[in-house]
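K.L.:
Chains as they are written, first to last, in our numbering: chain U, 1 to 308; chain L, 1001 to 1489.
#1: Residue 1098 of chain L and residue 1137 of chain L look like a contact to me (Cβ under 8 Å); what is the Cβ gap, rounded to whole Å?
#2: Looking at residue 1047 of chain L: is its Cβ nearer than 8 Å to the Cβ of residue 1021 of chain L?
#3: Please specify which runs of the alpha helix (DSSP H), each continuous and at least 4 residues long, are wholly inside the region 186-273 of chain U, giving them in chain order.
#4: Does the contact criterion of 3 or more C-beta pairs under 8 Å hold for the region 208-217 of chain U versus the region 76-83 of chain U?
#5: If residue 1314 of chain L and residue 1457 of chain L are in contact, beta carbons under 8 Å, what's the gap, nearest whole angstrom?
#6: Just checking: is the beta-carbon of residue 50 of chain U within a distance shorter than 8 Å of some beta-carbon in chain L?
#7: May I ask which residues mark the beginning and end of the alpha helix (DSSP H) holding residue 1118 of chain L?
#8: Using the Cα positions of residue 86 of chain U and residue 145 of chain U, report the straight-line distance between them to the nearest angstrom.
#9: Measure from the alpha carbon of residue 1057 of chain L to the alpha carbon of each residue in L:1073, L:1065 and L:1042, then state which is nearest.
#10: Taking a cut of 8 Å between CB atoms, which residues from the region 165-188 of chain U lie near chain L?
#11: Using a cut-off of 7 Å between C-beta atoms, extract the partners of residue 1461 of chain L located in chain U.
#12: Any idea if residue 1201 of chain L is buried or exposed, counting beta-carbon neighbours within 10 angstroms, 16 or more meaning buried?
#13: What does a CB cutoff of less than 7 Å around residue 1398 of chain L pick up in its chain, not counting 5 residues either side in sequence?
#14: Please state the DSSP three-state secondary structure of residue 1289 of chain L.
#15: List the residues of chain L whose Cβ lies closer than 7 Å to the Cβ of residue 103 of chain U, in chain order.
#16: Classify residue 52 of chain U: buried if its beta carbon has 16 or more other beta carbons within 10 angstroms, exposed otherwise.
#17: Would you call the CB atoms of residue 1368 of chain L and residue 1412 of chain L closer than 8 Å?
#18: Buried or exposed, going by whether 16 or more other CB atoms sit within 10 Å of the CB of residue 134 of chain U?
#19: Closer than 7 Å by C-beta to residue 1111 of chain L: which residues in its own chain qualify, once you throw out the five before and the five after it? Chain order, please.
#20: Assign residue 122 of chain U to one of three DSSP states: helix, strand, or coil.
#21: Could you please give me the residues that DSSP links to residue 1224 of chain L through a beta bridge?
#22: Residues of chain L with CB under 7 Å from residue 197 of chain U, in chain order?
#23: Among the candidates L:1348, L:1353, L:1352 and L:1359, whose CA atom is the shortest distance from the CA of residue 1330 of chain L?
#24: Give the residues of chain L in contact with residue 191 of chain U, contact being defined as C-beta atoms less than 7 Å apart.
#25: Does any CB atom of chain L fall closer than 8 Å to the CB of residue 47 of chain U?
#26: Taking only the alpha-carbon atoms, compute the straight-line gap between residue 1152 of chain L and residue 1323 of chain L and give it to the nearest angstrom.
#27: Using beta carbons (cut-off 8 Å, strictly below), is residue 1030 of chain L in contact with chain U?
#28: Starting from the Cα of residue 1225 of chain L, find the closest Cα among L:1435, L:1341 and L:1033 and give me that residue.
#29: From residue 1208 of chain L to residue 187 of chain U, what does the alpha carbon distance come to, in whole angstroms?
#30: Is there a C-beta anywhere in chain U that falls below 8 Å from the one on residue 1013 of chain L?
#31: In angstroms with no decimal places, state the Cα-to-Cα distance between residue 288 of chain U and residue 196 of chain U.
#32: To the nearest angstrom, how far is the alpha carbon of residue 269 of chain U from that of residue 224 of chain U?
#33: Quick check on DSSP: helix, strand or coil for residue 183 of chain U?
#34: Can you check whether the CB of residue 1042 of chain L is closer than 8 Å to the CB of residue 1198 of chain L?
#35: Within 10 angstroms of the Cβ of residue 1386 of chain L, are there 16 or more other Cβ atoms? Answer buried if so, exposed if not.
#36: What are the boundary residues of the alpha helix (DSSP H) that residue 1204 of chain L is part of?
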């Protein structure tokens, strides 16, 4: 059993992305729209896997980071209409700042408390959005005056290449020396400390990177959808979907998270005729995969390749 | 006196009411090996963790090359030149041996996205040095136990530490592996490092150490050359006990002769690659008190866990002739085989009374009350402490509560795993008296696992000696000192 080299994996990612780039020639705007959504969710899930799979910290509040990024970008656009790029950068930075404020105290507590802290952070953000309705649009949602593009194909390409770039960066990071230290810190913090690594520093860095990509993707998503609401971006159930996507795709693989996200969105679309039952079936399917194949979809794929 | 690389003075650590380490002092010079020995629970591992910064000391100083590092986080202490070899190896399993070693060579920087090209060569050199060259590109899960231990050494020496702490270097190794390992440790000493070896007994480290320091219940009891320490009166008393008084009942007096209450036959247990139990057969008659004596790591806890249904095993375990395999651990306990584990497992946030009530959950309230009254007679101190949270009790009181809670389940067989762990002699006496009353006034069978022979023998009807996963001796306690006592230090 020999893992593929980082370069080869990156080439495969590039090849898949190039193929995917030609999809707009065959598929309708509706399908492209779904895939666009799936790609952004893929980035959320990859950013989450960096924390869970490598740093060993379960972040129950991925939507805290996403929501902070999206709402910051959206509100800024509403108030001052700077170029969209400025809004996006501001959103990503806000997510990083929010992440640091959350992680600094949370990383000091051990065990399940880190997860609980992140969960509470989501609820606080949710309440803030609902209460401060004049700024955030409250329960109705936030509408932004600008969108990146009205073309389905353009939006699709942006999401695709953003996702591919994020995947390349996050994956390379996970295979780099820093990723190795991070993995050691996540698996055995005592030993990592005894080897001379400042575990808190490395985990905080992972959190910052995770927050940056989550916030940036959140911002891009709001300028794609043209609006944001608690239900689509911040709610706990959205966070749970992201976690399921990452675990479904394969823990500690980074790239598997994208597979998981595409799979989840494709499934719920395919099962749409079932009506309300479709959510249940998708969840049940996800549960079966997680229970029977803990290494996830990517684990399944690579295993079958190895036996050949 | 030469300058000490590692100089520890007045080191103290408390956990709640328990003093784990009390004003320890030790020095190790460059190019010397100090053996730190003591029975299980004596605080030797805590001393090591305090030096490494994994635990924070409550008082005292730890000087590494002159700098006091007491209270520093462990990554800073590591960077100052202290390395540790953990007893349990937990390598990264998705990385090769070489990558595991490279990890230890990486600088603690976030900006290092590409490894130094020299790292590879350095990692290979270290692998060669500890004898891992041939397996450097394999994954840890495919390797033998001795190799996994070598990975730990390789990681510990990667940063070229001047002080090396090694926890139980030979646990789980065969004779040949042990000698190869000790040669390696001696080489590391010859490089001019100060080495602290932590182990249970003098014998295992005597060949390599320059000096030995013996600990018991958190305090130093002797220091000197290996020979001096082995001859030391206090050390002998701690390990072997003084003169033994025994009161064994001959095995023929138990009526269930051919189908004893508990019959363990040819049981083997494997932890990954390490053989924890190998063809162990023991039996306990109804009402009998049987002691299993063995040093830490011999396999006592594994044996008890197998009996309690907590571990998969080969061979057979029967209770009153019926095989126990396939019954859940909860079923086995409810049916009357109750284990007091080494870790005590009390609900520390609950009061003494609540812990006892929980043990008597399945009894009718009247029965439960009567049982508690009887237990308060057995352990009077618990009556006074009823309302106190279990976590605030002293170590001895916690042990009594553990035994009492197990007795609330009205066991037919009580398994006690190292009840003396870390307890002072005066407390041992109280527990000892309670066990004697238990033996004389109740029909409960007892299976006691101990490394403290003084405690294990007086009440025992029969004794087994467990060594390196096998039963090496069985007999009456009065024959123990003559036949099995030597070679126990």
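Beta carbons are placed, not taken as given, at the ideal position from N, Cα and C, and that holds for glycine. The model shown is predicted, which means the values in this text are computed figures rather than measured ones.
P.N.:
Based on what the coordinates show:
#1: 6 Å
#2: yes
#3: 189-194, 199-225, 236-249 and 256-270
#4: no
#5: So it is not a contact: roughly 30 Å between Cβ atoms.
#6: no
#7: 1117-1130
#8: 15 Å
#9: L:1073
#10: 172, 173, 176, 177, 178, 180, 181, 183, 184, 187 and 188
#11: Here the premise fails: no neighbours, minimum Cβ distance about 43 Å.
#12: buried
#13: 1344, 1346 and 1390
#14: strand
#15: Near residue 103 of chain U there are no residues of chain L at all, since even the closest Cβ is about 15 Å away, more than 7 Å.
#16: buried
#17: no
#18: exposed
#19: none
#20: helix
#21: L:1212
#22: 1075 and 1108
#23: L:1359
#24: 1086 and 1090
#25: no
#26: 41 Å
#27: no
#28: L:1033
#29: 33 Å
#30: no
#31: 41 Å
#32: 19 Å
#33: helix
#34: no
#35: exposed
#36: 1202-1205
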